[in-house]
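Let me begin by presenting the structure, written as structure tokens, before commenting on it.
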Amino acid sequence: MTVPGSRPHPRAVEAGRTASIALALWACLFSGKPVPSQFNGLVSFADGGAFTIVRRDTLMAGSTGVALLTGDIVETGPDAFLVTQEPGGDLVAIGPSSGVYFVERQDVPTLFVLKGWVKVDSRSAPIRLTGTRLGIQGHQAVMLLHADERSNEVFDEQGSTTLLPAGDDARPIGKETGPNRFFLRGEQLEVVSQTSPSPEFVASMPAQFRDPLPSYAKLPEPVTPRVLRAVNYSDIKDWLTIPHQWRGSFVERFRGRLKDPAFFAAMDAQLALLPEWKRILHPPLEPDSDRLSEESQAAGKAVPQKLQPQ
Numbered sequence: 002m003t004v005p006g007s008r009p010h011p012r013a014v015e016a017g018r019t020a021s022i023a024l025a026l027w028a029c030l031f032s033g034k035p036v037p038s039q040f041n042g043l044v045s046f047a048d049g050g051a052f053t054i055v056r057r058d059t060l061m062a063g064s065t066g067v068a069l070l071t072g073d074i075v076e077t078g079p080d081a082f083l084v085t086q087e088p089g090g091d092l093v094a095i096g097p098s099s100g101v102y103f104v105e106r107q108d109v110p111t112l113f114v115l116k117g118w119v120k121v122d123s124r125s126a127p128i129r130l131t132g133t134r135l136g137i138q139g140h141q142a143v144m145l146l147h148a149d150e151r152s153n154e155v156f157d158e159q160g161s162t163t164l165l166p167a168g169d170d171a172r173p174i175g176k177e178t179g180p181n182r183f184f185l186r187g188e189q190l191e192v193v194s195q196t197s198p199s200p201e202f203v204a205s206m207p208a209q210f211r212d213p214l215p216s217y218a219k220l221p222e223p224v225t226p227r228v229l230r231a232v233n234y235s236d237i238k239d240w241l242t243i244p245h246q247w248r249g250s251f252v253e254r255f256r257g258r259l260k261d262p263a264f265f266a267a268m269d270a271q272l273a274l275l276p277e278w279k280r281i282l283h284p285p286l287e288p289d290s291d292r293l294s295e296e297s298q299a300a301g302k303a304v305p306q307k308l309q310p311q
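This is how it looks when you write it as structure tokens:
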């Protein structure tokens, strides 16, 4: 029993939280809605300097020991290479000059690769990699995705995976693949399939991606990413125009930055590229409630009263 005015015992608070989470998950499961999956990987290895993280609307600097979470946007420098390790043993490596978004509100952990290189060793759970033109999903598999402005390249290095469509003009694929299969999609609709990776792909691949990703029995001590500042438009401009299915949470996430005049002006100048922001930057005028009320009263007085029967 809790005495009025007293603080509940911490265990009771924790139990309440656990019960609430359980009820929320139960509601999702039995309502037929997929439960959003969460990514939580500790950076077990980082080389080539710090990398940046956009977490919510804040720009941060990352290093070894930082946790990468669902919702994070990670960008690396030209010499960077980092590996994250999840509690279940799943490994994600991000190469140099890369941009990766750990997509929110997905039923499978999803990494959207805007540019650069990502390699995944999915050991305990399915993981999805996708770019603007091509995607791949696998469980107990090793997968690579390379993205640039012209094309997406996917390599099933090990295990069984599924090739996925990407982009508004993509045709359905859902094709099961096998080890050592290589896929390329450029500006054309069709996906090019090969029994081994192209020589150009191998030559441009970061050297660290040619070996198995390192896995550690003992992970480094967790550290907090260093806060740099609130994001400005240039930090996120390329992410605001990724395919709509992946950027669905961005309006809610970044709208608070519109209070900054420079951010507002930059967004407003690019409004043609940001259709979902139009009503946020320029909301429709609300009717004058007082004026409408007066007009309604006047209209009511003008309506003749119904004659009573004699």
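For any residue, its number in our numbering is found by taking its place in the sequence shown, counting from 1, and adding 1. Even glycine gets a Cβ: it sits at the ideal position worked out from N, Cα and C. Note that this is a predicted model, so its numbers are computed, not measured.
Do you know how far the Cα of residue j is from the Cα of residue i?
i, j, result
"Ala167", "Arg134", "5 Å"
"Gly6", "Glu253", "Summary for Gly6: the model assigns pLDDT 39, below 50, so the residue's position carries little reliability, and this model does not support an answer."
"Thr162", "Gln138", "6 Å"
"Leu69", "Thr85", "8 Å"
"Phe210", "Ala47", "14 Å"
"Asp149", "Leu115", "7 Å"
"Ala62", "Phe52", "6 Å"
"Arg186", "Ser152", "6 Å"
"Thr225", "Gly66", "8 Å"
"Gln107", "Thr59", "22 Å"
"Glu330", "Leu286", "Absent from the model: residue 330. The displayed extent of the chain is 2 to 311, so no value can be given."
"Leu220", "Gly78", "24 Å"
"Gly258", "Leu282", "Sequence check: residue 258 is Arg here, not Gly. For Arg258 and Leu282, the distance between alpha carbons rounds to 11 Å."
"Leu229", "Asp73", "15 Å"
"His147", "Val193", "15 Å"
"Asn233", "Ser99", "19 Å"
"Trp118", "Asp269", "32 Å"
"Val55", "Phe156", "28 Å"
What does DSSP give as the partner residue(s) for residue i in the beta ladder?
i, result
"Ala48", "For the record, residue 48 in the displayed sequence is Asp; it is not Ala. In the DSSP output, where bridge partners are listed per residue, Asp48 has Phe82."
"Gly100", "Glu76 and Lys116"
"His1", "Since the displayed the chain opens at 2 and closes at 311, residue 1 lies outside it and no answer follows."
"Met61", "Ile54 and Val228"
"Ile95", "Leu83 and Val119"
"Leu43", "Ala68 and Gln86"
"Glu287", "DSSP output for Glu287 lists no bridge partner at all."
Taking the beta strand (DSSP E) that residue i falls in, what are its first and last residues?
i, result
"Leu164", "Thr162 to Pro166"
"Glu158", "Asn153 to Gln159"
"Ile1", "Lying outside 2 to 311, the shown extent of the chain, residue 1 is not represented and no answer is given."
"Leu130", "Ile128 to Thr131"
"Ser205", "That residue, Ser205, is in no beta strand (DSSP E); its alpha helix (DSSP H) goes Pro200 to Ser205."
"Phe184", "Arg182 to Arg186"
"Ser194", "Val193 to Gln195"
How far does the alpha helix (DSSP H) with residue i in it extend, from its first residue to its last?
i, result
"Val67", "Premise fails: Val67 is in no alpha helix (DSSP H) and is neither H nor E."
"Phe255", "Phe251 to Phe255"
"Ala270", "Pro262 to Ala270"
Write down the C-beta distance between residue i and residue j rounded to the nearest angstrom, noting that I regard them as a contact closer than 8 Å.
i, j, result
"Gly136", "Leu92", "Gly136 to Leu92, Cβ: 19 Å. No contact."
"Pro97", "Pro262", "No, Pro97 and Pro262 are not in contact; Cβ-Cβ is about 35 Å, not under 8 Å."
"Val101", "Ile95", "6 Å"
How do the region 235 to 248 and the region 270 to 280 stand: do at least 3 beta-carbon pairs fall below 8 Å, yes or no?
-> With the rule of 3 Cβ pairs closer than 8 Å, the region 235 to 248 counts as touching the region 270 to 280.
Would you call the region 191 to 206 and the region 223 to 241 touching, i.e. three or more CB-CB distances under 8 Å?
-> no
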